[in-house]
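Numbering (the working numbering), first residue to last: 12 to 111.
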């Protein structure tokens with residue numbers, strides 16, 4: 012479940028996303044904050060989004076066999092969180108979703 016505003020993970024949990032300095036630059040100086048405010052407003056939320064903390068993107072895991080094509084995810088059992096897990100499900104992986 013991606014919550015009441017499904018687009019919000021695009022601001023917080025993009026797999027292989029920007030490193031923290033790039034994200035902060037985009038958020039404050041590249042229109043990211045305004046875009047986030049608009050996303051909440053379009054769903055009827057009267058909130059003021061605040062960047063409270065940031066961590067770097069995670070790798071996608073360690074595998075016993077090489078992942079060389081998207082086809083290699085078909086049938087793969089993997090534990091993954093949020094938006095990344097949804098993407099891997101679409102690629103055919105058997106995903107156990109983790110919170111986050």
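Heads up, the beta-carbon is just placed ideally off N, CA and C, and yes, glycines get one too.
Task: Helix, strand or coil at residue 89 [DSSP, three-state] - done: strand
TODO: Would you tell me roughly how many angstroms separate the C-alpha atoms of residue 73 and residue 33, rounded to the nearest one?
DONE: 26 Å
Open item on the list: Please confirm whether residue 97 has its beta-carbon closer than 7 Å to some beta-carbon of chain B.
Closed with: Protein chain content of the structure displayed is limited to a single chain, and chain B is not contained in it.
Task: Residue nearest to residue 51 in terms of C-alpha spacing, selected from 15, 40, 98, 93 - done: 15
- [ ] Give every residue of the same chain whose Cβ lies closer than 7 Å to the Cβ of residue 100, excluding the five residues on either side of it in the sequence, and list them in chain order.
- [x] 106
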